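Engineer:
2 protein chains.
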Amino acid sequence: MSQFIFENRLSSLRSKFDSLGVDTVWIIQPENRRYLSFFKATDGQLNESSGSLFITMDQALLLTDSRYTIQAQEEAVDFEVITHKQGLSNALFEIFDRLNTRRLGFEGNYLVWDLYEKAKERASKHSPPVELIALSAIVDEMREIKGPEEVEVLSRSAQLTGDVIAQVIKELRPGQAEKDVAWRIETLIREQDADGVAFPPIVASGPNSALPHAIPTDRLIREGEPIILDVGLKVDGYCSDMTRTIFLGNPPSYFKEIYHIVREAQVSALEYIRVGMKTAEADSVARDIIKKAGFGDFFGHSLGHGIGLAPHERPAVGPLKPEVLQEGMVFTIEPGIYIPEKGGVRLEEMVILEKDGVRVLTTNKNFFAF
Amino acid sequence: MSQFIFENRLSSLRSKFDSLGVDTVWIIQPENRRYLSFFKATDGQLNESSGSLFITMDQALLLTDSRYTIQAQEEAVDFEVITHKQGLSNALFEIFDRLNTRRLGFEGNYLVWDLYEKAKERASKHSPPVELIALSAIVDEMREIKGPEEVEVLSRSAQLTGDVIAQVIKELRPGQAEKDVAWRIETLIREQDADGVAFPPIVASGPNSALPHAIPTDRLIREGEPIILDVGLKVDGYCSDMTRTIFLGNPPSYFKEIYHIVREAQVSALEYIRVGMKTAEADSVARDIIKKAGFGDFFGHSLGHGIGLAPHERPAVGPLKPEVLQEGMVFTIEPGIYIPEKGGVRLEEMVILEKDGVRVLTTNKNFFAF
Numbered sequence: 174m175s176q177f178i179f180e181n182r183l184s185s186l187r188s189k190f191d192s193l194g195v196d197t198v199w200i201i202q203p204e205n206r207r208y209l210s211f212f213k214a215t216d217g218q219l220n221e222s223s224g225s226l227f228i229t230m231d232q233a234l235l236l237t238d239s240r241y242t243i244q245a246q247e248e249a250v251d252f253e254v255i256t257h258k259q260g261l262s263n264a265l266f267e268i269f270d271r272l273n274t275r276r277l278g279f280e281g282n283y284l285v286w287d288l289y290e291k292a293k294e295r296a297s298k299h300s301p302p303v304e305l306i307a308l309s310a311i312v313d314e315m316r317e318i319k320g321p322e323e324v325e326v327l328s329r330s331a332q333l334t335g336d337v338i339a340q341v342i343k344e345l346r347p348g349q350a351e352k353d354v355a356w357r358i359e360t361l362i363r364e365q366d367a368d369g370v371a372f373p374p375i376v377a378s379g380p381n382s383a384l385p386h387a388i389p390t391d392r393l394i395r396e397g398e399p400i401i402l403d404v405g406l407k408v409d410g411y412c413s414d415m416t417r418t419i420f421l422g423n424p425p426s427y428f429k430e431i432y433h434i435v436r437e438a439q440v441s442a443l444e445y446i447r448v449g450m451k452t453a454e455a456d457s458v459a460r461d462i463i464k465k466a467g468f469g470d471f472f473g474h475s476l477g478h479g480i481g482l483a484p485h486e487r488p489a490v491g492p493l494k495p496e497v498l499q500e501g502m503v504f505t506i507e508p509g510i511y512i513p514e515k516g517g518v519r520l521e522e523m524v525i526l527e528k529d530g531v532r533v534l535t536t537n538k539n540f541f542a543f
Numbered sequence: 174m175s176q177f178i179f180e181n182r183l184s185s186l187r188s189k190f191d192s193l194g195v196d197t198v199w200i201i202q203p204e205n206r207r208y209l210s211f212f213k214a215t216d217g218q219l220n221e222s223s224g225s226l227f228i229t230m231d232q233a234l235l236l237t238d239s240r241y242t243i244q245a246q247e248e249a250v251d252f253e254v255i256t257h258k259q260g261l262s263n264a265l266f267e268i269f270d271r272l273n274t275r276r277l278g279f280e281g282n283y284l285v286w287d288l289y290e291k292a293k294e295r296a297s298k299h300s301p302p303v304e305l306i307a308l309s310a311i312v313d314e315m316r317e318i319k320g321p322e323e324v325e326v327l328s329r330s331a332q333l334t335g336d337v338i339a340q341v342i343k344e345l346r347p348g349q350a351e352k353d354v355a356w357r358i359e360t361l362i363r364e365q366d367a368d369g370v371a372f373p374p375i376v377a378s379g380p381n382s383a384l385p386h387a388i389p390t391d392r393l394i395r396e397g398e399p400i401i402l403d404v405g406l407k408v409d410g411y412c413s414d415m416t417r418t419i420f421l422g423n424p425p426s427y428f429k430e431i432y433h434i435v436r437e438a439q440v441s442a443l444e445y446i447r448v449g450m451k452t453a454e455a456d457s458v459a460r461d462i463i464k465k466a467g468f469g470d471f472f473g474h475s476l477g478h479g480i481g482l483a484p485h486e487r488p489a490v491g492p493l494k495p496e497v498l499q500e501g502m503v504f505t506i507e508p509g510i511y512i513p514e515k516g517g518v519r520l521e522e523m524v525i526l527e528k529d530g531v532r533v534l535t536t537n538k539n540f541f542a543f
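Heads up: the protein sequence lines correspond to chains A and B, in order. Under the working numbering, the letters of the first sequence match residues 174 to 543, in that order. Under the working numbering, the letters of the second sequence match residues 174 to 543, in that order.
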C-alpha cells in the first residue's frame, strides 16, 4: 500500500470531525488501527492492546508500550509514536494536554466497559474537562468500500485459497482424519505467498458437517458423506474465506438434493445481487429457495459477511441490520443446510460488488453437478 | 476434567452472589465461559460472541446461536442451551423473564461499551426493571488459583513445549530463515499431543530480537547473534509459554554479559519468590539486578504473567497493579534486556507457586553458562 493511501484515509476521517462533534478520535480496534496507520501489530488478547491512535485535525499520535515501540516507528510513519510506561489509561492525561482535546470520540463498538469508565474518570478530572463521545462504527464503515489496491490484494488472497482447496480435494481419500486434512491445508497455506491462516481451517465430515463452526477431530472421512472444507488465509493482512462441500464416491440422494438446493440458492444470489439492494433482500433471495424446498429451519446463519482486514466485517449480509449494498464492497455468499446428526452442506464464494453485479473473486470451480 | 469440578466452580461463584449484590451473573469472556461450563468454543472475533452464560442460584443457561447449538449441548452438560435468532441483546428480555432477574452482574473488564448500553436499555425497559452491576474480574480471580487437575494439564503443556524447543535448538543452523524455524516449531507442536499453538511462535534473530513481540521474518539467522525462541502451545485448552535465547557459535562478550545478567535476574526471582509476596516485589528482585548492571532502561515489560486457559491472565507479575502471590498460582518468569537495533535476550520459564517457593514446570534446561 502506498503512503498516499494512508494520508487519504486520515483526511477522510478528519473530514467527519465536524459532523461527529469531536476534535480528537481514539482508535483502539486492531484492524481500524492498521487501516489508518499501517501499524500491523495485532492484539495478543482481548484485554491486551498493542496500541491506540489519537488523531486530531493536525496531529496523529500512536500510543503503545515498549514491546511495540520500534515496530510502530517503522510501520506507522505518519504517526508520532509515544511509549507509555504506566498503562494506557494513565497516559491519557498527557495525551489530552498535548492534543488540546475537549471532545474525544471513541469506538463504542470496541472499547471495553472498564477502560471506558477509566477514560471517563480521567477525562472529567482533566482541566479543562474532556467529553467522551461514542463513534460506533465510523472507521468500520470506511473499511466497507474497498479501494483498487485492496481489491487487488483480496483477489490474490481469494485465488490462493482456491488453489489450496483444489489441491486438498485432489488429495482427499477415505480414511484420512479431519485433523490431518486440516493440517495439510495449513501446510499448503504456508507454502503459498501468504501471511498465514485467516482462521483455523474447518474440515467437518459426516455428522460433524452439521456444525457450521466445527473443529476438526480425529474422525476418519468416509465415502458418500458430506465433507465441508472451509478455508481462509491472509495476504498482506487481507483475508479470504471459501467453502466447498465434497463427496467421495456416490452420496445418498438425500444429500444430492440438499447440495442441489444450496448451490441453486448460491447461484441465484450471485446473479440477483445489485448495487443499491438491501442486505436483507440479498439474503432472502437465497433463503427463500431453501425455505421453499422445506429446509428453512436448517439454514440458521446469514447468507454472508463482509471481508477485508478482518475475516468478518461489515456489511453483514443477513436478515438483521439492513444496510444498502454498494459498489466496491467485498463479501461472501455462503448458504448452507445443516441437518443435526446427519450432516450439512455449505458453499461459499467471495465476491466484489461492481456496477453491474457481483464478480466472484474465488475460483468458481469444484462444484458438483448432481 | 471431571464434572464434579464444574459443579464446584458454579457453587463457588454462587457463594459470592450475596456479597456482590446480584441474583444473576452474565459471563461472556470465552475463557471464563469455558472455565464454568466446559463449552470449548472460542470467539471468532472480538465482536463475535459464540455464547453467554446466565447463572442464578438454581439455574444455568447457555445462550448461543445456531452455529454452536449442538456443540454447546454436547459440552456444557450442566447448562440448558438456548438458541437466539435475533441477536444476543434481543434475547435478553426472555432471559430476564425466565430467570426472574433483578440484579444482573456483568463482566466489566470484558463487555464492550455498545453491548453494555444495549443491555442497559433492555434492562431498564423490562418490567420489573433490571439493574446492571459491574463484576470486574470475579471469574478471572477464581481462575488464578489452579486446582490439581489444572496443574497436571499445565505441566504437560509446559513439558511438551520444552521438548519442542529442545528439538528446534538441536536443528538450528546459520542460514535458516526465521519464518522457516517458526514453521518448524508449529509442525513440531502439531506432532505432539497438543491442541495447537497458544500464540504464533516468535523467532527473532539479531536486531529483530530487540523487539519483544517480533513477528518472524525472512531474515536468515547468523552465528554469534542472539536468536530468541518464544513458544506456547495448548493441551486440553491450557496454555504454555517458554523462551530461550540461543547463540550459534561464539557471541560477542557484550551479549555474553547481557545473557549472564538476564539469567541471574531470572534465577534470583526463581529462588526468592514466596507465597504472600506482592507481585511488585517479585518483579523488583529481577529488575533490581538488571538496573544495577546498568540496563534498567532496556527491560520495559513486566517480569511475568499468569497463565492457564489464556496465555496471559492474572496475576500480572509486574511493578503495576500489586497483588499477593498465592499457593497454586501458575505464572511465567521472563526477564529480558533489549538493545534497540542490536538485539535482545529473554529467558522465560513457567512456574507454579507452592508452599515453599516456585517449582519450574518447563524444562529448566538449555541455558548457556557463559
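Don't be surprised by glycine CBs; every beta carbon is placed ideally from N, CA and C. Source: prediction; values computed, not measured.
Please return the same chain residues whose Cβ sits closer than 8 Å to the Cβ of Gly-320/A, not counting the five positions on each side in sequence.
Structural biologist: So the qualifying residues of the chain are Ile-178 and Gly-501.
Engineer: So, helix, strand or coil for Phe-279/A, using DSSP?
Structural biologist: strand
Engineer: Less than 8 Å between the beta carbons of Pro-508/A and Ala-459/A, yes or no?
Structural biologist: yes
Engineer: What residues of chain B sit near Phe-411/A, judged by a beta carbon separation below 9 Å?
Structural biologist: Inspection of the sequence shows that residue 411/A is occupied by Tyr rather than by Phe. Those do not exist, as Tyr-411/A stays about 15 Å from chain B at its closest Cβ, beyond 9 Å.
Engineer: Below 8 Å on the Cβ atoms is my guess for His-257/A versus Ala-264/A; work out the distance and round it to an integer in Å.
Structural biologist: 4 Å
Engineer: Report the CB separation of Ala-367/A from Leu-402/A in whole angstroms; it is logged as a contact under 8 Å.
Structural biologist: In fact, because the Cβ distance is near 17 Å, the residues do not count as touching under 8 Å.
Engineer: Please state the DSSP three-state secondary structure of Lys-213/B.
Structural biologist: Three-state result, Lys-213/B: coil.
Engineer: To be precise: take each residue of the stretch 370-386 of chain B, compare its Cβ to all Cβ atoms of chain A, and keep it if any distance is under 8 Å. Which residues remain?
Structural biologist: Phe-372, Pro-373, Ala-383, Leu-384, Pro-385 and His-386
Engineer: What does the alpha-carbon distance come out to for the pair Gly-369/A and His-299/B?
Structural biologist: Approximately 46 Å, taken between the alpha carbons.
Engineer: To test your reading of the DSSP string, which unbroken beta strand (DSSP E) runs of 3 or more residues are found completely within the stretch 413-491 of chain B?
Structural biologist: 415-419, 477-479 and 486-490
Engineer: What residue from Thr-215/B, Asp-231/B, Glu-221/B and Asn-205/B has the CA that sits closest to Arg-187/B's CA?
Structural biologist: Asp-231/B
Engineer: Just checking my contact of Cys-412/B with Ala-483/B at CB under 8 Å: how many whole Å lie between their CB atoms?
Structural biologist: 7 Å
Engineer: Which residue comes first and which comes last in the alpha helix (DSSP H) that contains Gly-335/B?
Structural biologist: 321-344
Engineer: Taking C-beta pairs closer than 7 Å, name the residues in chain A that Asp-414/B reaches, listed in chain order.
Structural biologist: Simply none; closest approach about 11 Å.
Engineer: How far does the beta strand (DSSP E) with Phe-227/B in it reach, from first residue to last?
Structural biologist: 225-228
Engineer: Please classify Ala-377/A: does DSSP put it in a helix, a strand, or coil?
Structural biologist: Here Ala-377/A carries a strand assignment [DSSP, helix/strand/coil].
Engineer: At the level of alpha carbons, what is the spacing between Leu-183/B and Arg-271/A?
Structural biologist: 48 Å
Engineer: Determine the contact status of Ala-331/B and Thr-505/B, defining contact as a CB-CB distance below 8 Å.
Structural biologist: no
Engineer: State the DSSP-derived secondary structure class of Ala-307/B, mapped to helix, strand or coil.
Structural biologist: strand
Engineer: Quick one: what's got a C-beta closer than 7 Å to Asp-238/A's C-beta in the same chain, skipping five residues either side?
Structural biologist: Correct list, in chain order: Thr-256 and His-257.
Engineer: To the nearest angstrom, report how far apart Thr-229/B and Glu-221/A are at their CA atoms.
Structural biologist: 30 Å
Engineer: Hey, does Gly-281/A have any beta-carbon neighbour from chain B nearer than 8 Å?
Structural biologist: yes
Engineer: Please list, in chain order, the chain A residues whose beta carbon lies closer than 7 Å to that of Ala-483/B.
Structural biologist: Gln-218
Engineer: Could you compute how far the alpha carbon of Ile-375/A sits from the alpha carbon of Gln-244/B?
Structural biologist: When rounded, the separation of the alpha-carbon atoms in Ile-375/A and Gln-244/B is 14 Å.
Engineer: If the criterion is Cβ atoms closer than 8 Å, does the pair Ile-201/B and Ser-225/B meet it?
Structural biologist: Yes. Within cutoff.
Engineer: With DSSP as the reference, label Tyr-241/B as helix, strand or coil.
Structural biologist: coil
Engineer: Roughly how many whole angstroms lie between the Cα atoms of Glu-290/B and Arg-295/A?
Structural biologist: 21 Å
Engineer: Taking DSSP as the reference, what is the three-state secondary structure of Ile-525/A?
Structural biologist: Three-state DSSP puts Ile-525/A in a strand.
Engineer: Could you list which residues in chain A have their beta carbon closer than 9 Å to that of Asp-238/B, in chain order?
Structural biologist: Gly-473 and His-474
Engineer: So does the stretch 346-362 of chain B actually touch the stretch 199-213 of chain B, counting three or more Cβ pairs closer than 8 Å?
Structural biologist: Short answer: they don't touch.
Engineer: Mind pulling the chain A residues with CB within less than 7 Å of Glu-221/B?
Structural biologist: His-485
Engineer: Have a look at Gln-439/A and Arg-363/A and give me their C-alpha separation to the nearest angstrom.
Structural biologist: 30 Å
Engineer: Please tell me whether Ser-309/A has its Cβ less than 8 Å away from any Cβ of chain B.
Structural biologist: yes
Engineer: Can you name the residues of chain B whose CB is closer than 7 Å to the CB of Trp-199/A?
Structural biologist: Within chain B, no residue comes near Trp-199/A; the closest Cβ sits about 12 Å away, beyond 7 Å.
Engineer: Using a Cβ-Cβ cut-off of 8 Å, state whether Val-285/A counts as contacting chain B.
Structural biologist: yes
Engineer: For the stretch 246-274 of chain A, which residues have a CB atom closer than 7 Å to at least one CB atom of chain B, in sequence order?
Structural biologist: Within the stretch 246-274 of chain A, the qualifying residues are Gln-259 and Gly-260.
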